[in-house]
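Single-structure report; data block below.
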Amino acid sequence: MGRAVVVGSINVDLVFTSDVRPKAGETVLGTTFSTIPGGKGANQAVAASKLGAESFMIGCVGDDSNGEFSINNLNSMKVDTSFIEKIKGIPTGVANIIVAEQDNSIIVIPGANYEITIETIDKYKDIILSADIVLLQLEIPMKVVEYTAKLCRNNNVRVLLNPAPALELPQSLIEDASYITPNEHELNIILGKQDDLDETLKKYPNKVIVTMGSKGVKYFDGSELKIVPSFKVEVVDTTGAGDTFCGGLAAALVRGDSLSEAIMFANKAAALSITKLGAQSGMPTLEEIMKNEELKINN
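The opening residue of the sequence shown carries number 4 in this note's numbering; numbering runs sequentially from there.
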């Protein structure tokens, strides 16, 4: 079993579901409310664990009930929480999620997630450098992301960077990452406005892996452009699909799959995740992937 170490955010998601999305100044009646563990970092750690990797989480929570809730949940998902720090006087991060019209809108309050520092990374350097892959996102300070990626590159540890929420990336971070997984919208932010997707991908062979929803995933393998198809499923909640993809990609890579095989596996995991409500609760296990080998591919 390969080792995936996630350095990133830990949130509690406040999820509201409704048939319609409220417009500015409008109040609508919803259908359900749930308090669900989340955060892109924690989500990816759970996905990697459920999909077969040995998963470790490095991050910060508040010294509050949401922090306890988050850590207990990660433990229940077989994620090692030994490297999560509780910060006094700072609340655990929260996300307000509105699920409506087969999509979601999210507001994130970082809270303790912004208390992770370069010193934190140095403190847990040994576990980071023991990883087969390190997963990073952008819900923690950029300087910490950059420092971690550089540390990993200098020590020949692969880095999977999920650039969300999207910001223009420093060139050094692009170079230090082994894999970068934006969606089409994020690509134009992290690299600046791109006129041609194919030409952009050719500049980053086997590195920039663009997720395109029902259109699949596209990347350049060094010789030709590849499109790995998505799968047909009934959409219930798209929250966490991108995190499931990243966790699935990491889990497949550390067990030795080729990049194309890993992307296909991650696509299947992401597809199954959107058939259930919630980010972590909707993520499939490795066993569920195996039981759904006959999922139909989107043409």
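Yeah, the Cβ is synthetic: ideal placement off N, Cα and C, and Gly gets one too. All of these numbers come straight from a predicted model, not from anything done at the bench.
Check the C-beta distance from residue i over to residue j and give it rounded, since I have them as a contact under 8 Å.
i, j, result
"residue 44", "residue 70", "Actually they are not in contact, since the Cβ atoms of residue 44 and residue 70 sit about 14 Å apart, beyond 8 Å."
"residue 143", "residue 165", "With a Cβ gap of about 12 Å, residue 143 and residue 165 do not count as contacting."
"residue 7", "residue 254", "7 Å"
"residue 283", "residue 39", "7 Å"
"residue 151", "residue 139", "6 Å"
Residue i: which of the options sits nearest, CA to CA?
i, options, result
"residue 275", "12, 53 and 98", "53"
"residue 303", "90, 289, 73 and 138", "Past the boundaries of the shown model lies residue 303; the chain is included only from 4 to 302, so the question cannot be answered."
"residue 168", "27, 111, 107 and 236", "111"
"residue 238", "216, 209 and 277", "277"
"residue 114", "66, 140, 153 and 137", "66"
"residue 181", "162, 107 and 245", "162"
"residue 94", "64, 88 and 105", "64"
"residue 91", "85, 109, 119 and 98", "119"
"residue 235", "133, 261, 299 and 121", "299"
Can you say whether residue i is buried or exposed, counting buried as having 16 or more other CB atoms within 10 angstroms of its CB?
i, result
"residue 68", "exposed"
"residue 123", "buried"
"residue 80", "buried"
"residue 174", "exposed"
"residue 60", "buried"
Roughly how many angstroms lie between the CA atoms of residue i and residue j, to the nearest whole one?
i, j, result
"residue 263", "residue 212", "10 Å"
"residue 19", "residue 100", "6 Å"
"residue 225", "residue 231", "15 Å"
"residue 34", "residue 222", "39 Å"
"residue 266", "residue 294", "18 Å"
"residue 83", "residue 291", "22 Å"
"residue 172", "residue 193", "5 Å"
"residue 189", "residue 87", "28 Å"
"residue 58", "residue 10", "11 Å"
"residue 145", "residue 137", "16 Å"
"residue 85", "residue 126", "12 Å"
"residue 132", "residue 210", "21 Å"
Check the DSSP bridge columns for residue i and list the partner residues they point to.
i, result
"residue 14", "41 and 96"
"residue 186", "214"
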